[in-house]
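In the working numbering, the protein residues as written are 119 to 201.
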């Protein structure tokens, strides 16, 4: 398995903001997570837009993100809403 943190990995493209999960679901940058594919296709960088440019960026493989998404859906139910 590739150590996603071992070296500086350049992000392959721009971060995409996934908005609407905050208390007010306004779609503002204050209730978004951000995600971008890492160069070389080795994984993804995930951040929290609430902290702006100073947000720490976590790195995950595709398998880790997909597995985590399945577990979150199982916890909250397929039809869960932010409310």
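Built from N, CA and C at the ideal position, the CB exists for glycine as well.
Tell whether a beta-carbon distance below 7 Å holds between residue i and residue j.
| i | j | result |
| --- | --- | --- |
| residue 133 | residue 154 | yes |
| residue 129 | residue 181 | no |
| residue 179 | residue 159 | no |
| residue 175 | residue 186 | no |
With which residues is residue i paired in a DSSP beta bridge?
| i | result |
| --- | --- |
| residue 165 | 152 |
| residue 124 | In the DSSP output, where bridge partners are listed per residue, residue 124 has none listed. |
| residue 136 | 151 |
| residue 176 | 164 |
State the CB to CB distance for the pair residue i and residue j, rounded to an integer number of angstroms; the pair is presumed to be in contact (CB under 8 Å).
| i | j | result |
| --- | --- | --- |
| residue 167 | residue 150 | 4 Å |
First and last residue of the alpha helix (DSSP H) that includes residue i?
| i | result |
| --- | --- |
| residue 129 | Neither: residue 129 is in no alpha helix (DSSP H) and is coded neither H nor E. |
Going along the chain, which residues of its own chain have a beta-carbon closer than 8 Å to the beta-carbon of residue i, five neighbours each way excluded?
| i | result |
| --- | --- |
| residue 136 | 150, 151, 152, 153 |
What does a CB cutoff of less than 7 Å around residue i pick up in its chain, not counting 5 residues either side in sequence?
| i | result |
| --- | --- |
| residue 183 | 162 |
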